[in-house]
Amino acid sequence: MDSKRRAESWKKNRRALAYSTVGTPDYIAPEVFLQTGYGPACDWWSLGVIMYEMLIGYPPFCSENPQDTYRKVMNWRETLVFPAEVPISEEAKDTIIKFCCEAERRLGSQKGLEDLKIIPFFRGVDWEHIRERPAAIPVDVRSIDDTSNFDDFPDVKLEIRKYFYICLTS
């Protein structure tokens, strides 16, 4: 069986819903935490969280510990707020809200990428040629272990807080 047929067989036979909880709490959709099963819509939620973080500077449900992050995600109707001191366009806010909402109403959950193509925030994106665009910041990588594109940091003793350990193991 060739790889194309194997992929088609896998797609046909896989479960429609997943039940595992994996990922960083800040980016996990509420339905994942409920452990009642979730589908691809949870990825669109995560995209909304990433969009928020890129525009605002930190994730929308950021907290000191994973339990508080979980509570904020589960209460997203009250906790998804846009700080006045970081102005972003109404189109950006509207798009984030359409990603971070109920799974069945979530942007992308009906027609996938086609849903995004009609959103005002993405107006001007050349969807037909998006993969042909050059990188916004070209990176010259000379070898697999080349770190020359990263800033140098002085050698300091790092203390890994319990919070990060919990995030990595939960």
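In full-length UniProt numbering, the protein residues as written are 1 to 170. Just so you know, even glycine gets a beta-carbon here, dropped at the ideal spot from N, CA and C.
Item                                                                                                                  : Value
Beta carbon of residue 42 nearer than 8 Å to that of residue 53                                                       : no
CB-CB length for residue 48 against residue 99, believed under 8 Å                                                    : 2 Å
Three-state secondary structure (DSSP) of residue 58                                                                  : coil
Buried or exposed (CB count within 10 angstroms, at least 16 for buried), residue 106                                 : buried
C-alpha distance - residue 113 paired with residue 92, whole-angstrom precision                                       : 17 Å
CB contact flag (residue 86, residue 50, <8 Å)                                                                        : no
Range covered by the alpha helix (DSSP H) that runs through residue 70                                                : 66-74
Whole-angstrom distance between residue 154 and residue 39, CA atom to CA atom                                        : 44 Å
Beta-carbon proximity list for residue 149, same chain, < 6 Å, skipping 5 on both sides                               : 139
Residue 116 - containing alpha helix (DSSP H), residue span                                                           : 113-117
Spatial neighbours of residue 96 in its chain, beta-carbon cut-off 6 Å, leaving aside the 5 residues before and after : 48, 51, 52
Beta-carbon proximity check, residue 73 vs residue 28, cutoff 8 Å                                                     : yes
Among 37, 44, 127, nearest to residue 108 - alpha-carbon criterion                                                    : 44
C-beta atoms of residue 62 and residue 26 nearer than 8 Å                                                             : yes
Range of the contiguous alpha helix (DSSP H) that encloses residue 94                                                 : 90-99
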